[in-house]
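Student: Following this message is one structure expressed as structure tokens.
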């Protein structure tokens, strides 16, 4: 976890920097994937301002706190950060539990095996270019077409994304380790 501490127009004592790092290191118990924490310290007249920005995967938490001295501003800001992290973690946990109960619930559990009809067909890929494969697909109204690409000498699959958009997969041999 990277903690960047910056001060604006003030000199921050080293013991305050260590105090901030120590307080913020406890926030790792909520999320181990905290990418970066930025702390901005500033002073406006008689108030000290602490702004903490935490980057978690998929979310940014931003807390701004003012107080009569830096230590109390840091304490209040860190408490708010921990509250936000706790809230986020509970939200993630709740989603996981509800999804798990959905998957494992008796209501949705299958008691018998489901049989599946599978039609097998042997296919010998046609040697063609991408344009020819698109034309074959359009003429026969196929959703995909497997062919041997003349240009790349690879087995390829072209598929229809929408009316005029196509996707192309080029299949390569697995590399031996």
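Numbering (our numbering), first residue to last: 1 to 177.
Note that beta-carbon positions come from the ideal geometry of N, C-alpha and C, so glycine has one too.
#1: What are the boundary residues of the alpha helix (DSSP H) that residue 133 is part of?
#2: Which word fits residue 149, buried or exposed, when buried means at least 16 other C-beta atoms lie within 10 angstroms of its C-beta?
#3: In the DSSP output, what is residue 31 paired with across the bridge?
#4: Per DSSP, what kind of secondary structure is residue 167 in: helix, strand or coil?
#5: Whole angstroms is fine: what's the gap from residue 157's alpha carbon to residue 78's?
#6: Pair every Cβ in the region 55-68 with every Cβ in the region 10-20, then say whether three or more of these pairs are closer than 8 Å.
#7: Compare the Cα-Cα distances from residue 170 to each of 145, 88 and 137 and report the closest residue.
Tutor: According to the data block:
#1: Taking the first residue of the chain shown as 1, we reach residue 133 at position 133. Residue 133 -> alpha helix (DSSP H) spans 130-140.
#2: If you number the chain shown from 1, residue 149 lands on position 149. Buried.
#3: In the chain shown, residue 31 corresponds to position 31, counting from 1. Residue 31 pairs with nothing; no bridge assigned.
#4: The sequence position of residue 167 within the chain shown is 167, counting from 1. DSSP, reduced to helix, strand and coil, places residue 167 within a strand of the structure shown.
#5: Against the chain shown, residue 157 aligns to sequence position 157. Against the chain shown, residue 78 aligns to sequence position 78. Straight through space, the alpha carbons of residue 78 and residue 157 are spaced by roughly 54 Å.
#6: By the criterion of at least three beta-carbon pairs nearer than 8 Å, the region 55-68 is not in contact with the region 10-20.
#7: Position 170 of the chain shown, counted from the first residue, corresponds to residue 170. The residue from 145, 88 and 137 with its alpha-carbon nearest to that of residue 170 is 145.
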